[in-house]
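S.K.:
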Amino acid sequence: MIDYENLRRVNEPFFDAFKRAFAETLDSGWYILGKRVETFENEFAAYCGTRRCVGVASGLDALVLSLKAFDFDPGSEVIVPSNTYIATILAALHCGLIPVPVEPDIRTYNIDPSRIEEKVTGRTAAILVVHLYGKPCDMDPICAIAGRRGLKLVEDCAQAHGALYQGKKAGSFGDFGAFSFYPTKNLGALGDAGAVTTDSPELAERIGKLRNYGSGVKYYNEVVGFNSRLDEVQAAFLSIKLKALDEINGHKRKLARIYLEGLKEDFIKPVVEGSADVYHIFNVRHSARDRLKEHLLGNGIRTEIHYPVPPHRQQALRGLLRDGDYPIADEIHATTLSLPISYFHTEEDVCRVVEVMNGF
Numbered sequence: 003m004i005d006y007e008n009l010r011r012v013n014e015p016f017f018d019a020f021k022r023a024f025a026e027t028l029d030s031g032w033y034i035l036g037k038r039v040e041t042f043e044n045e046f047a048a049y050c051g052t053r054r055c056v057g058v059a060s061g062l063d064a065l066v067l068s069l070k071a072f073d074f075d076p077g078s079e080v081i082v083p084s085n086t087y088i089a090t091i092l093a094a095l096h097c098g099l100i101p102v103p104v105e106p107d108i109r110t111y112n113i114d115p116s117r118i119e120e121k122v123t124g125r126t127a128a129i130l131v132v133h134l135y136g137k138p139c140d141m142d143p144i145c146a147i148a149g150r151r152g153l154k155l156v157e158d159c160a161q162a163h164g165a166l167y168q169g170k171k172a173g174s175f176g177d178f179g180a181f182s183f184y185p186t187k188n189l190g191a192l193g194d195a196g197a198v199t200t201d202s203p204e205l206a207e208r209i210g211k212l213r214n215y216g217s218g219v220k221y222y223n224e225v226v227g228f229n230s231r232l233d234e235v236q237a238a239f240l241s242i243k244l245k246a247l248d249e250i251n252g253h254k255r256k257l258a259r260i261y262l263e264g265l266k267e268d269f270i271k272p273v274v275e276g277s278a279d280v281y282h283i284f285n286v287r288h289s290a291r292d293r294l295k296e297h298l299l300g301n302g303i304r305t306e307i308h309y310p311v312p313p314h315r316q317q318a319l320r321g322l323l324r325d326g327d328y329p330i331a332d333e334i335h336a337t338t339l340s341l342p343i344s345y346f347h348t349e350e351d352v353c354r355v356v357e358v359m360n361g362f
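So the sequence shown is numbered by our numbering: it starts at 3 and just counts up by one.
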């Protein structure tokens, strides 16, 4: 059986280093907001090419705190992609903001810059882009729109650790970059974890207070905050894996090339253009997606669907999104299939997937 994911096998190369780091952290007696968090924050900021990084408890919290930091008026609007994971939209809702979906480019699955300005109103406060599947958005026109319209810009980088656009890392374009280190990510912790990157020391300081009950000095609370702190153990694990992130991304790119070159044209494959994707997810599209998934499983290959239901059709979001039809999102969610492309997969694994798919 070729698993879609196997987190034990992904992390096995790091087990010895993890055990040493855990023992050192346990022995230190300091488990929250200590030297290991500070070290990882500095390392990850340097990796992303930003001045600051603030560790938080999850990717969703990274998005929520990023939007909270701007203190937008309740009911302000936030531009979001219509085909994102629900966390992107939940972040806006938790901040009392109105998500306004914009359709993606059907080729890249990322928000279509040419469709953004038609959704901007006098109440629009920010653009929240998502580098979906590990492909960076087309940031030049998006940054231009944000500047021209006076809008804040937040990048949802949950799937794009190390992805490059015009030679710059995802998370270094907007006011904030919000990262998830959920275990399945290219840079994954052994539990929930997240971070916010920024070039603004002032905004970083505000995120630092928001994550810690609104406090910059212990027991003195300046703003209404949260409990959303990256813990010392996860920070230590992340520092270890960060050193291997370029290798992890390179391995996934190598596997992606096998898919791109080997799969026949029956399948709609990811478009390859100027950006340097990191292939957190390698998806194909096919009109008979469900039958294809069953065919692969019958041949010992597990796959996933990211994601089966678009946001505007989720029960939890009924009446909470700006009304509209989103046929491109519908088509993507109805036809997309994610293929095995983990750090533990071998070239032989992927060649086998190609062989079975081409026989469909």
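Even glycine gets a Cβ: it sits at the ideal position worked out from N, Cα and C.
DSSP three-state label for C353, please.
M.R.: Three-state DSSP puts C353 in a helix.
S.K.: Kindly indicate the opening and closing residues of the beta strand (DSSP E) around P154.
M.R.: For the record, residue 154 in the displayed sequence is Lys; it is not Pro. Unbroken beta strand (DSSP E) run through K154: 154-158.
S.K.: Could you give the first and the last residue of the continuous beta strand (DSSP E) run that contains S174?
M.R.: Element bounds for S174: n/a, residue is neither H nor E.
S.K.: Here's the rule: buried if 16 or more other CB atoms are within 10 angstroms of the residue's CB, otherwise exposed. What is T348?
M.R.: It is exposed - the Cβ of T348 has fewer than 16 other Cβ atoms within 10 Å.
S.K.: So, P185 versus Y167, is the Cβ gap smaller than 7 angstroms?
M.R.: For P185 and Y167, no; Cβs fall outside 7 angstroms.
S.K.: Output the distance between the C-alpha atoms of Y33 and F284, rounded to the nearest integer angstrom.
M.R.: Y33 and F284: Cα-Cα distance of roughly 36 angstroms.
S.K.: Examine the Cβ distances between the stretch 75-83 and the stretch 52-67 and report whether three or more of them are shorter than 8 angstroms.
M.R.: They do not touch, by the three-pair rule.
S.K.: Are three or more beta carbon pairs between the stretch 48-64 and the stretch 221-235 nearer than 8 angstroms?
M.R.: The answer is yes - the stretch 221-235 touches the stretch 48-64, with three or more Cβ pairs under 8 angstroms.
S.K.: What does D233 pair with, by DSSP beta-bridge criteria?
M.R.: Beta-bridge pairing links D233 to I34.
S.K.: If you measure between the beta carbons of L323 and P103, is that distance less than 7 angstroms?
M.R.: It is a contact, given that the beta carbons lie within the stated cut-off.
S.K.: Examine the Cβ distances between the stretch 115-133 and the stretch 85-105 and report whether three or more of them are shorter than 8 angstroms.
M.R.: Counting Cβ pairs under 8 angstroms, three or more are found: they touch.
S.K.: For P310, which of helix, strand or coil comes out of DSSP?
M.R.: Coil.
S.K.: Kindly indicate which residue of F178, H133, R315 has the alpha-carbon position closest to the one of L153.
M.R.: Comparing Cα positions, the closest option is F178.
S.K.: Below 6 angstroms CB to CB, which residues in the same chain sit around R304 once its five sequence neighbours on both sides are set aside?
M.R.: Hits under 6 angstroms: D5, Y6.
S.K.: Going by C-alpha distance, which of N223, K245, P203 is nearest G164?
M.R.: Closest by alpha carbon: K245.
S.K.: Just the C-alpha distance for N301 and S217, rounded to the nearest angstrom, thanks.
M.R.: Spanning the two alpha carbons is a distance of roughly 55 angstroms.
S.K.: Starting from the Cα of L69, find the closest Cα among L130, R315, S241, I307 and give me that residue.
M.R.: Nearest option by C-alpha distance: L130.
S.K.: Would G196 and S182 be called neighbours here (beta carbons separated by less than 7 angstroms)?
M.R.: Result yes, Cβ atoms of G196 and S182 sit closer than 7 angstroms.
S.K.: For K21, collect the residues of the same chain with a Cβ closer than 7 angstroms to its Cβ; drop the 5 residues on either side in sequence, then sort them by chain order.
M.R.: Result list for K21: empty, nothing under 7 angstroms.
S.K.: Do I330 and P83 have their CB atoms nearer than 7 angstroms?
M.R.: No, they are not a contact pair.
S.K.: Short check: CB of V12 to CB of Y281, under 7 angstroms?
M.R.: It is not a contact, given that the beta carbons lie outside the stated cut-off.
S.K.: Which of helix, strand or coil does DSSP assign to R10?
M.R.: Of the three classes helix, strand and coil, the one that applies to R10 here is helix, per DSSP.
S.K.: Considering only residues of the stretch 119-154, which uninterrupted beta strand (DSSP E) runs meet the minimum length of 3 residues and lie entirely inside it, listed in chain order?
M.R.: List check, beta strand (DSSP E) in window: 126-132.
S.K.: Report the residue ranges of all alpha helix (DSSP H) runs contained in full by the stretch 12-76; include only those spanning at least 4 residues, in chain order.
M.R.: Runs found: 17-30, 37-50, 61-70.
S.K.: Identify whether T337 lies in helix, strand or coil by the three-state DSSP scheme.
M.R.: If DSSP states are grouped into helix, strand and coil, T337 belongs with the helices.
S.K.: Between the C-alpha atoms of T200 and C145, what's the straight-line distance to the nearest angstrom?
M.R.: Their backbone Cα atoms lie some 15 angstroms apart in a straight line.
S.K.: On the CB-based measure, 16 or more other CB atoms within 10 Å of its CB, does M359 come out buried or exposed?
M.R.: Result: buried.
S.K.: In chain order, what residues of the same chain lie with their CB nearer than 8 angstroms to the CB of E224, ignoring the 5 residues before and after it?
M.R.: K211, G216, S217, G218, listed in sequence order.
S.K.: Taking 7 angstroms as the threshold (C-beta atoms), are T27 and A238 in contact?
M.R.: In this structure, T27 lies closer than 7 angstroms to A238 by Cβ.
S.K.: Report the residue from V198, H96, L299 whose alpha carbon sits nearest the alpha carbon of A180.
M.R.: Among V198, H96, L299, the Cα nearest to that of A180 belongs to V198.
S.K.: Taking the C-alpha atoms as reference points, what is the distance between V80 and D29?
M.R.: Taking the straight line joining both Cα atoms gives about 45 angstroms.
S.K.: For V286 versus L240, is the C-beta spacing smaller than 7 angstroms?
M.R.: In this structure, L240 does not lie closer than 7 angstroms to V286 by Cβ.
S.K.: Given a cut-off of 7 angstroms, decide if A71 and I209 are closer than it, judged by their beta-carbon atoms.
M.R.: For I209 and A71, yes; Cβs fall inside 7 angstroms.
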